[in-house]
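All remarks here apply to the structure that follows.
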Amino acid sequence: MPINLPGILTTMLLFYQFVTSFCLLMAGTNGFNEYEQLLRHDLLAQYDKLSLPGASTAVEFRLTIKHFEMIEESHSLLVDAWMVNEWKDPRLSWNARSYGGIRKIMIPHNLVWKPDIDVYNSATPEKDMTYGDTLVIVYNVGKVLFVPPIKLQFTCVMDLTNWPHDKHNCTIILGSWVHDGYTIDLQVKDEKPEIDMPVRTTESGQNLTRGYWNLLDSKITRDYRFYNCCVEPYITIHMSMYVERNAPAYAWIVKGPALGMSLLTLVLFMLPPAAGEKMTFGVLCLLLHVVFIAYSSYIINITPSHLPLIIEMICKQAMLVIASLVFGALSLRLARDPHTSGLSSFVKAPLVFLSSFLCLQNYKNLVSRVHHQTYSRSLKSDEFELRENGNGHVYSGEISVSPGLDWLLLAAVIDRICLIVFIVISIINFVFYKSVLL
Numbered sequence: 115m116p117i118n119l120p121g122i123l124t125t126m127l128l129f130y131q132f133v134t135s136f137c138l139l140m141a142g143t144n145g146f147n148e149y150e151q152l153l154r155h156d157l158l159a160q161y162d163k164l165s166l167p168g169a170s171t172a173v174e175f176r177l178t179i180k181h182f183e184m185i186e187e188s189h190s191l192l193v194d195a196w197m198v199n200e201w202k203d204p205r206l207s208w209n210a211r212s213y214g215g216i217r218k219i220m221i222p223h224n225l226v227w228k229p230d231i232d233v234y235n236s237a238t239p240e241k242d243m244t245y246g247d248t249l250v251i252v253y254n255v256g257k258v259l260f261v262p263p264i265k266l267q268f269t270c271v272m273d274l275t276n277w278p279h280d281k282h283n284c285t286i287i288l289g290s291w292v293h294d295g296y297t298i299d300l301q302v303k304d305e306k307p308e309i310d311m312p313v314r315t316t317e318s319g320q321n322l323t324r325g326y327w328n329l330l331d332s333k334i335t336r337d338y339r340f341y342n343c344c345v346e347p348y349i350t351i352h353m354s355m356y357v358e359r360n361a362p363a364y365a366w367i368v369k370g371p372a373l374g375m376s377l378l379t380l381v382l383f384m385l386p387p388a389a390g391e392k393m394t395f396g397v398l399c400l401l402l403h404v405v406f407i408a409y410s411s412y413i414i415n416i417t418p419s420h421l422p423l424i425i426e427m428i429c430k431q432a433m434l435v436i437a438s439l440v441f442g443a444l445s446l447r448l449a450r451d452p453h454t455s456g457l458s459s460f461v462k463a464p465l466v467f468l469s470s471f472l473c474l475q476n477y478k479n480l481v482s483r484v485h486h487q488t489y490s491r492s493l494k495s496d497e498f499e500l501r502e503n504g505n506g507h508v509y510s511g512e513i514s515v516s517p518g519l520d521w522l523l524l525a526a527v528i529d530r531i532c533l534i535v536f537i538v539i540s541i542i543n544f545v546f547y548k549s550v551l552l
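In this note's numbering, the protein residues as written are 115 to 552.
Structure below.
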């Protein structure tokens with residue numbers, strides 16, 4: 115009978131594979147762990163983590179942004195990110211066949227060499243960049259991958275002129291702290307950082323985030339610079355972030371009240387000239403402005419170099435309120451003071467003429483009545499005048515048309531002119547500050 119040699123060889127090969135698989139299955143992962151321990155021991159036995167991998171080491175850099183927040187108190191930007199560094203270290207290469215086919219291994223970062231990348235414009239220079247317990251991934255060809263989660267806090271002077279619609283361009287500068295560009299060659303792998311920030315969308319389509327800022331644009335550039343002190347170049351990585359404040363709540367708690375208080379001042383001149391409530395209302399408006407300025411100063415970190423436009427608007431409006439109190443007190447005094455004589459015809463004639471254009475027809479009709487006709491008006495019990503000796507007397511009863519109503523017309527004209535002037539000023543303010551009100 116002829117021997118079927120190919121069939122025998124095939125059978126023996128299948129049997130060998132079966133035995134090998136069975137042995138590996140029975141051994142479990144113990145053999146792999148032994149190879150890994152042996153590999154780690156052999157790699158680190160004579161390894162000096164302070165020595166450079168070679169005369170020149172190219173380090174590829176890229177960044178993944180997970181979250182960022184503007185720290186307005188310290189004028190700095192805090193970025194939570196994954197900083198990806200890749201380089202080659204020939205001392206960490208091995209033959210995979212000699213170690214059970216292992217092609218990569220994880221090693222604690224503090225046991226191997228890594229580039230001393232630091233933040234040049236750090237907002238917390240007293241704190242070193244920490245990597246926690248992050249491991250590095252080492253491949254058998256000597257490639258090292260280091261991806262630590264880090265917090266980068268760097269200075270960013272904020273221009274709050276257009277608060278709460280302010281935008282800022284912040285740049286972080288990263289580079290080796292002691293090595294020049296010939297020793298550590300930092301290379302940018304991606305021109306833009308990867309953005310991986312979690313955002314939850316509601317059923318209505320609104321995006322919900324935990325931050326007050328939107329990232330409008332970002333880029334990573336490589337700067338190659340020579341200094342007068344040294345002949346070697348120094349390489350730094352610049353990451354620019356263009357951010358915009360996203361706080362819709364400020365439209366209700368800041369911009370709305372600012373507009374409302376601007377309109378309240380106009381109400382003071384719409385009250386009758388002799389109404390004592392004018393002063394009470396004016397003082398209340400002034401107190402509201404002072405409280406708003408104090409509240410805004412608390413939530414806005416104002417710097418001496420600039421002032422937010424919305425605060426400037428409220429400060430100017432507060433000055434208008436003070437001016438309105440002065441003119442209101444003047445018109446109230448003119449309307450209430452007991453006058454023994456009326457206005458001269460030289461003053462009275464223009465007032466009567468202006469009253470027709472200022473919608474003061476009722477006051478004009480009162481003044482135009484027959485002279486010495488009595489005009490009665492009741493006063494509240496708390497309306498009194500102080501004499502020169504300091505004693506007060508209640509002012510009530512009847513006013514003769516000629517002396518009293520002439521002065522009442524003058525007070526009404528002053529009130530109406532002030533109302534028109536304040537409306538014009540308010541419109542100008544709204545137009546000038548529309549960038550922060552809309």
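Ideal Cβ placement from N, Cα and C applies to all residues, glycine included.
- Burial state of R211 is exposed, judged by a 10 Å Cβ sphere holding fewer than 16 other Cβ atoms.
- Restricting attention to L177, G214, I414 and N254, the CA atom closest to the CA of L157 is found in N254.
- Residue environment for H293: buried (at least 16 other C-beta atoms within 10 angstroms of its C-beta).
- Linking V368 to I425 through their CA atoms gives a straight-line distance of about 10 angstroms.
- One Cα belongs to F460, the other to T275, and the distance between them is close to 50 angstroms.
- Of the residues assessed, K392 falls on the buried side of the cut-off, its CB having 16 or more other CB atoms within 10 angstroms.
- From the listed residues I287, E358, L377 and V345, the smallest Cα separation to T335 is found for I287.
- Under the DSSP assignment, S459 falls in the alpha helix (DSSP H) whose first and last residues are S459 to F471.
- About 16 angstroms separates the CB atoms of C270 and H181; that is not less than 8 angstroms, and the two are not in contact.
- Under DSSP, A172 shares a beta bridge with D299.
- Under the 10 Å beta carbon count, A449 is surrounded by 16 or more other beta carbons and is classified as buried.
- 8 angstroms or more divides the Cβ of V198 from the Cβ of D299.
- Around the C-beta of I231, 16 or more other C-beta atoms lie within 10 Å, and the residue is accordingly described as buried.
- In this chain, F383 is not harboured by any alpha helix (DSSP H), its DSSP state being neither H nor E.
- The beta-carbon distance between P222 and G256, rounded to whole angstroms, is 18 angstroms. This is too long to meet the 8 angstroms contact definition.
- DSSP places L524 within a helical segment (H, G or I) once states are collapsed to three.
- When secondary structure is reduced to three states using DSSP, N199 falls in the strand class.
- P312 carries a coil assignment under DSSP once its states are collapsed to helix, strand and coil.
- 8 angstroms or more divides the Cβ of L434 from the Cβ of I531.
- Ranking F467, L551, L400 and F546 by CA distance to the CA of V527 puts F467 first.
- A straight line joining the alpha-carbon of E358 with that of L465 spans about 54 angstroms.
- Remark: C-beta atoms of L400 and L439 approach each other more closely than 8 angstroms.
- Excluding five sequence positions before and after W201, the CB atoms of its chain that fall closer than 6 angstroms to its own CB belong to T171, V173 and V258, given in chain order.
- Of the other Cβ atoms in all chains shown, 16 or more fall within 10 Å of the Cβ of I428; this residue is therefore buried.
- DSSP places V250 within a strand segment (E or B) once states are collapsed to three.
- Beta-bridge partners assigned by DSSP to D232: G289.
- Scanning A237, E183 and F260 for the CA closest to the CA of M220 turns up F260.
- For R211, no beta strand (DSSP E) run applies, since DSSP gives it neither H nor E.
- Note on Y296: under 16 other CB atoms within 10 angstroms of its CB, so exposed under the neighbour-count rule.
- Bounds of the alpha helix (DSSP H) holding H403 are E391 to I413.
- Sixteen is the threshold: since fewer than 16 other Cβ atoms of the shown chains lie within 10 Å of the Cβ of R217, the residue is exposed.
- According to DSSP, Y245 shares a beta bridge with no other residue.
- Assignment of beta-bridge partners to I219 by DSSP yields V252.
- In the three-state reduction of the DSSP assignment, M375 falls in the helix class.
- For S236, same chain residues with a beta-carbon under 7 angstroms away, outside a window of 5 residues either side, are Q267 and F268 in chain order.
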